[in-house]
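In this text, residue positions in the sequence shown follow the UniProt record's numbering: the first is 1, and each later residue adds one. The C-beta atom is built at its ideal place from N, Cα and C for all residues, glycine as well.
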Amino acid sequence: MDGSSLAISVQDPKDAHVETTTLRPTRDTEGKKPLQLNQEIIELGNNKLIDYVKDESKKHYKEAPKKLQVDTVCNLARGYHSFVLAGTGYGKSRIAELYFHLYAPQKKPVVLVLNPLDSLGEDQVREKTAAGIKAISLGKMKMTEDLVKEMKAGDYAFIYLSPEVFLNNSLFTELYFSSEFQNRLVLIVLDEAHMVYVWGLVESGKAKFLSVRDRLQDYGIFRPSYGKLGDRLMATNNVPLLLLSATCRPVAVESILGSLMLKRVDITFFHGELVRPEIRILRFYMEYPLKSCDDLLRMFSPESDIKNREMVPMLIYSGTRKATLSVISVINKARGKKKDAYDSESRLVRRYHACTGDEDKLDCVKDFENDKFPVFSSTMALGLGQNWKRVRCVIHLGRGDPSTISQMMGRCGRDGRPGLAILFMEPKRKKGKNSVEDFSSGKEQLTDDDRMDALTMCFSG
């Protein structure tokens, strides 16, 4: 294999491996040296490095690693930033694990993972713990001096945190800039990287002019500082970045790189499988107003016909928190159980959104995973990065951003078995584009509103 073999997934020849020179290290160069891979690994040629990564994978996983996973790990091992674009369920999270396993465990390497949602971090901590890797998710109330000391000592291999903690928590800032922590840090992961683009819109103020933003209440309201990540990431020069996303169109990629102060020559792109043939998509025009959610009445039979435990596990997505309660009311009405609409421990349906209490979130997620109820009514706050294999159906109410809807649909059929995505869309949107003729021929359709309306037209006829 020649010297360029590891860059076969690069989108363009000009995206070849080039180490950034814009960052400035804060390493303690006079004391303990920063943690590095074993010199024998560093000196391996490309072919032998690939074989080495595959052998390491066999030690920890039953499934053989995918080529993209191996290529990305090799790229990180060379010290290069990596951007992985692959569909939900592809195994993107395993890349960081596999890279971590290249280091000697007694050296206590640390991987820092930035998550858009605390619940996502909690879920991944459970996965790491099950795999025998010590991990922690940092909520705002968990940061203490004792915890900082433990993290400096490398007691936690994977540290999950939100952008707010990363940027604004004084204790974490002290930890992050300390030489002890910097010398253990081997990788920074930006999970669900497409959210940088969304929250960048919020920061710039462009979001308020888009109708699509109003339809996704929990999408970008709490991340106005996410576009400032580049300033903080500049503190490490020798630590590679790993960006992960399932839905990133070109304009979003360029925006993300700009927010992180990176150029295309600073990062290698790896493109994985985006097709999910096991998911069938059905589109229905809505017969009732979106706010009523009454179109769901035709989706559910009375309890006398089918018991809760026999129902298909599903996620129902609405654009607003208020609508999640309307969904519950409609489902209970269809099931003949109107009085159960406000039951927080329902065996039929529960709801989840950004303002749900932290304990309630954890309890509901745990109960859903343990088959205690079949239906989740939620905003997009639920399921981001989750790997639930029991979900067979996803329902989305109303027009919406195609990238976000794709993310939501991808949450069914994660076990490889058939999944069903049902999209209820308004036949007409006020001041929107409601027919193919509304899209000017030869003119670029640049806005997210255009894309939202175009998705509806794609399923017409």
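| query | result |
| --- | --- |
| Kindly list the residues whose CB is nearer than 8 Å to the CB of Cys355, restricted to its own chain and excluding five residues on each side of it in sequence; keep chain order. | Arg321 |
| Between the Cα of Asn168 and those of Arg276, Leu362, Leu138, spot the shortest distance and give me the residue it belongs to. | Leu138 |
| Helix, strand or coil: which one does DSSP assign to Gly410? | coil |
| Between which two residues does the alpha helix (DSSP H) containing Gly258 stretch? | 250 to 259 |
| Can we say the region 60 to 74 touches the region 146 to 166, given the rule of at least three CB pairs closer than 8 Å? | no |
| Mind checking which residues open and close the alpha helix (DSSP H) that includes Phe300? | It is not in any alpha helix (DSSP H) - Phe300 carries neither H nor E in the DSSP assignment. |
| Using DSSP bridges, identify the partner residues of Val349. | Val375 |
| Are the beta-carbon atoms of Gly419 and Glu303 separated by less than 7 Å? | no |
| Output needed for Leu49: all residues of its chain with C-beta closer than 6 Å, excluding positions within five of it in sequence on either side, in chain order. | Cys74 |
| Looking only at its chain, what residues have a beta carbon closer than 6 Å to the beta carbon of Leu161, apart from the 5 residues adjacent to it on each side? | Leu138 |
| Using alpha carbons as the reference points, say which of Gly87, Val349, Asp401, Ser259 lies closest to Gly413. | Gly87 |
| Can you give me the C-alpha to C-alpha distance between Gln124 and Arg417, rounded to a whole angstrom? | 23 Å |
| Quick one: residues in its chain with C-beta nearer than 6 Å to the C-beta of Gly205, no 5 flanking neighbours on either side, listed in chain order? | The predicted position of Gly205 is uncertain, since its pLDDT is 44 and thus under 50; a value taken from the coordinates is nonetheless stated next. Within the same chain, Gly205 has no close Cβ partners at all. |
| Could you give the distance in angstroms between the alpha-carbon of Ser377 and the alpha-carbon of Glu359? | 17 Å |
| Can you give me the C-alpha to C-alpha distance between Ile422 and Tyr317, rounded to a whole angstrom? | 10 Å |
| Which term fits Asp191, buried or exposed, when burial requires 16 or more other beta carbons within 10 angstroms of its beta carbon? | buried |
| In angstroms with no decimal places, state the Cα-to-Cα distance between Lys333 and Ser344. | 17 Å |
| In terms of alpha-carbon separation, which member of Met409, Arg280, Thr236, Glu310 lies closest to Pro374? | Glu310 |
| Nearest by alpha-carbon distance to Glu127: which of Glu97, Gly258, Ser82, His101 is it? | Glu97 |
| According to DSSP, is Phe424 helix, strand or coil? | strand |
| Kindly give me the distance between the Cβ atoms of Leu315 and Arg411, rounded to whole angstroms, as I take these residues to be in contact under 8 Å. | 6 Å |
| Express the C-alpha separation of Gly45 and Met1 in angstroms, rounding to a whole number. | For Met1, the pLDDT reaches just 36, beneath the cut-off of 50, and the residue's location in the model is therefore unreliable, leaving the point undetermined. |
| From Gly79 to Asp294, what does the alpha carbon distance come to, in whole angstroms? | 54 Å |
| Would you tell me roughly how many angstroms separate the C-alpha atoms of Glu287 and Glu426, rounded to the nearest one? | 8 Å |
| Would you please state the rounded distance, in angstroms, between the beta carbons of Leu185 and Leu112? I believe it to be under 8 Å. | 6 Å |
| Using three-state DSSP, classify Phe269 as helix, strand or coil. | strand |
| Here's the rule: buried if 16 or more other CB atoms are within 10 angstroms of the residue's CB, otherwise exposed. What is Arg298? | exposed |
| Per DSSP, what kind of secondary structure is Ser245 in: helix, strand or coil? | strand |
| Please name the residue or residues paired with Leu102 in a DSSP beta bridge. | Paired residues: none, contrary to the question. |
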